[in-house]
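Colleague: Residue numbers (this note's numbering): 38 to 278. Every residue gets a Cβ at the ideal spot worked out from N, C-alpha and C, and that includes glycine. Keep in mind it's a predicted model, so treat the numbers as computed, not measured. A single structure is presented below for examination.
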Amino acid sequence: MILFRSALYFLALTLTILVFGLAISTVGLLLPLSVRDRMGNAWGRTNLYLMKWIIGLDYRIRGADNLPRSAAIVMSKHQSAWETIALRGILKPEQSWVLKRELMWIPVFGWALAAVPNIAINRKAGRRAARLIIEKGTALLQQGRVVIIFPEGTRTRPGERHRYGMGGGLLAENSGFPVIPIAHNAGVYWPRRSFLKYPGTIEVVVGEPIDVQGKKASEITREVEAWIESKMEELPLTREK
Numbered sequence: 038m039i040l041f042r043s044a045l046y047f048l049a050l051t052l053t054i055l056v057f058g059l060a061i062s063t064v065g066l067l068l069p070l071s072v073r074d075r076m077g078n079a080w081g082r083t084n085l086y087l088m089k090w091i092i093g094l095d096y097r098i099r100g101a102d103n104l105p106r107s108a109a110i111v112m113s114k115h116q117s118a119w120e121t122i123a124l125r126g127i128l129k130p131e132q133s134w135v136l137k138r139e140l141m142w143i144p145v146f147g148w149a150l151a152a153v154p155n156i157a158i159n160r161k162a163g164r165r166a167a168r169l170i171i172e173k174g175t176a177l178l179q180q181g182r183v184v185i186i187f188p189e190g191t192r193t194r195p196g197e198r199h200r201y202g203m204g205g206g207l208l209a210e211n212s213g214f215p216v217i218p219i220a221h222n223a224g225v226y227w228p229r230r231s232f233l234k235y236p237g238t239i240e241v242v243v244g245e246p247i248d249v250q251g252k253k254a255s256e257i258t259r260e261v262e263a264w265i266e267s268k269m270e271e272l273p274l275t276r277e278k
């Protein structure tokens, strides 16, 4: 049953990518950016509904009042594909993501990513990638957008952690915009590199805005890491029975 439901959701996800992706990258280009932003949000919310209906996979947010209503940098734990879909629907429509440039090369999906102002980086570029994040990220924040970053850069298994990169901290130091940290245990129900998705309720914890004024990037990064990882220790590492 888990395999069947996972396959059914995969088909539904593919269909939503085709429908929304083509709409955003064709008709959407003739419309204001705000419309494309809302279309992206509708895609995320549609998939959250499909996950619940097909798989029985839901989510619960603690600290929903901390979700940004204005420009901010969101730094989130990265465990699975779930958060890349869910945050698109949970956060406000005006979003820009720091993502690896290879995603832009995927037909339809990449076209939709290119239709809104995201920050596509070459992760091997080092300082050049950091400068791009700072320069483009600051401009997007000044336009009232939310910039989303996975500071670990890659997905981690539940109970594990990778080194937190400095990109988000550098953007916060140079732009002065606050950081909203997010912890979750999506990897318990949607494991990385796994086709199977399991029913249950993902716990999402949203922290209060972290004031970055007068702080160096390294200090901001350590503060974000300490908050996220302390919350991760409180979240379940096994699925509900």
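In angstroms, rounded to a whole number, what distance separates the CA positions of W227 and K89?
Modeller: As a working note, residue 227 is residue 190 in the sequence shown. As a working note, residue 89 is residue 52 in the sequence shown. Their backbone Cα atoms lie some 13 Å apart in a straight line.
Colleague: With three or more beta-carbon pairs closer than 8 Å as the criterion, would you say the stretch 136–149 touches the stretch 90–105?
Modeller: no
Colleague: I'd like the span of the beta strand (DSSP E) that includes Y235, first residue to last.
Modeller: For the purposes of this step, residue 235 is taken as residue 198 along the sequence shown, with counting starting at 1. Where Y235 is concerned, there is no enclosing beta strand (DSSP E), given that its DSSP letter is neither H nor E.
Colleague: Among the candidates Q132, A157, A166, whose CA atom is the shortest distance from the CA of L177?
Modeller: For the purposes of this step, residue 177 is taken as the residue at position 140 of the sequence shown. Checked all of Q132, A157, A166; the closest Cα to L177 is Q132.
Colleague: Alpha helix (DSSP H) containing R97: first to last residue?
Modeller: The count along the sequence shown starts at 1 and reaches residue 97 at position 60. Counting along the chain, R97 falls outside any alpha helix (DSSP H), though it belongs to the beta strand (DSSP E) covering 94–99.
Colleague: Apart from the five residues just before and just after L140, which ones in its own chain have a Cβ nearer than 8 Å to its Cβ?
Modeller: Position 103 of the sequence shown, counting from 1, holds the residue named residue 140. The residues are F146, G147, L150, A157.
Colleague: Under the three-state reduction of DSSP, which class applies to M269: helix, strand or coil?
Modeller: The residue given as residue 269 occupies position 232 in the sequence shown. Reduced to three states, the DSSP call for M269 is helix.
Colleague: Rounded to whole angstroms, what is the Cα-Cα separation between Y46 and T238?
Modeller: As a working mapping, residue 46 is identified with position 9 in the sequence shown. As a working mapping, residue 238 is identified with position 201 in the sequence shown. Taking the straight line from one Cα to the other gives about 17 Å.
Colleague: Roughly how many angstroms lie between the CA atoms of R106 and K129, to the nearest whole one?
Modeller: Residue mapping note: residue 106 aligns to position 69 of the sequence shown, counting from 1. Residue mapping note: residue 129 aligns to position 92 of the sequence shown, counting from 1. The straight-line gap from Cα to Cα measures roughly 7 Å.
Colleague: To the nearest whole angstrom, what separates the beta carbons of R138 and N78, a pair I think is in contact under 8 Å?
Modeller: As a first step, residue 138 is located in the sequence shown; it is residue number 101 there, counting from the start. As a first step, residue 78 is located in the sequence shown; it is residue number 41 there, counting from the start. N78 and R138 do not touch by the CB rule: their CB atoms are close to 23 Å apart, not below 8 Å.
Colleague: Would DSSP call A109 helix, strand or coil?
Modeller: Residue numbering aside, residue 109 sits at position 72 when the sequence shown is read from its first letter. Here A109 sits in strand by DSSP.
Colleague: If the criterion is Cβ atoms closer than 7 Å, does the pair I170 and G204 meet it?
Modeller: As a working note, residue 170 is residue 133 in the sequence shown. As a working note, residue 204 is residue 167 in the sequence shown. Yes, Cβ-Cβ distance for I170 and G204 is below 7 Å.
Colleague: Please report the straight-line C-alpha distance between N222 and D95, rounded to a whole angstrom.
Modeller: Start at 1 with the first residue of the sequence shown, and residue 222 comes out as number 185. Start at 1 with the first residue of the sequence shown, and residue 95 comes out as number 58. Rounded to the nearest angstrom, the two C-alpha atoms are 12 Å apart.
Colleague: On a Cα-Cα basis, can you pick out the residue from E210, P188, S43, L52 that is closest to A263?
Modeller: Mapped onto the sequence shown, residue 263 falls at position 226. Checked all of E210, P188, S43, L52; the closest Cα to A263 is P188.
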